[in-house]
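The structure appears below as structure tokens.
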Amino acid sequence: MTLAEIKSHLSQLDTIAFQLPDGSLVPSHFHVTEVGKVTKHFIDCGGTVRNEEVVNFQLWNADDYDHRLHPEKLLKIIALSEKVLEISNLEIEVEYQGTSIEKYGLDFDGKNFLLTSKHTDCLAKESCGIPESKPRVRLSTLQSSNACTPGSGCC
Numbered sequence: 222m223t224l225a226e227i228k229s230h231l232s233q234l235d236t237i238a239f240q241l242p243d244g245s246l247v248p249s250h251f252h253v254t255e256v257g258k259v260t261k262h263f264i265d266c267g268g269t270v271r272n273e274e275v276v277n278f279q280l281w282n283a284d285d286y287d288h289r290l291h292p293e294k295l296l297k298i299i300a301l302s303e304k305v306l307e308i309s310n311l312e313i314e315v316e317y318q319g320t321s322i323e324k325y326g327l328d329f330d331g332k333n334f335l336l337t338s339k340h341t342d343c344l345a346k347e348s349c350g351i352p353e354s355k356p357r358v359r360l361s362t363l364q365s366s367n368a369c370t371p372g373s374g375c376c
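According to the working numbering, the sequence shown holds residues 222 to 376 in order.
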């Protein structure tokens, strides 16, 4: 999800809820303690220099049960971040304290913001000699008009 997309969703909501991949909700007394621009400048295993930028939201559970973050407040925080940090319409990454600091992608189901699992990947498979994975096909589901059948004499 991009920054423009979350702002559009927030403008339509009365409350904010974040749902973890296991279906549980982040406690409603969470705070967004950071909105930032994270730049990653790196070289992949194939020798290509890369730059990635994301907007980072950090969610934190406080013992402050009296103050809930409302959509209009988060929109103000985002607007200030865009101005001060010169953030453009980047993809959003969310940090949340699980067993350790966990990073998630972000989606929306019409009601809740969904924290989606992120995975590592090799960005230079062709340089590493890693073959592209072929889709698995269940042979029993294939139907062909020119397939041999038992007793047909074609084999």
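Ideal Cβ positions, reconstructed from N, Cα and C, are used throughout, including at glycine.
For the set P248, K294, Q279, H250, the Cα lying nearest the Cα of K258 is the one of Q279.
Under the three-state reduction of DSSP, S338 is assigned to strand. DSSP places V358 in the coil class of the three-state scheme, outside both helix and strand.
V275 is a Cβ neighbour of L311, given a cutoff of 8 Å.
Just so you know, the alpha carbons of D342 and N282 end up roughly 30 Å apart.
Sequence-distant partners of I322 (beyond 5 residues in either direction) whose C-beta falls short of 6 Å from its own C-beta, in its chain, are E316. Within its own chain, the residues whose Cβ lies closer than 8 Å to the Cβ of T337, once the five positions on either side in sequence are excluded, are P242, Y325, G326, L327, D328, listed in chain order. Judged by their CB atoms, S354 and G267 are not nearer to each other than the 8 Å cut-off. Counting only residues of its own chain and dropping the five nearest sequence neighbours on each side, N272 has a CB closer than 6 Å to the CB of H262.
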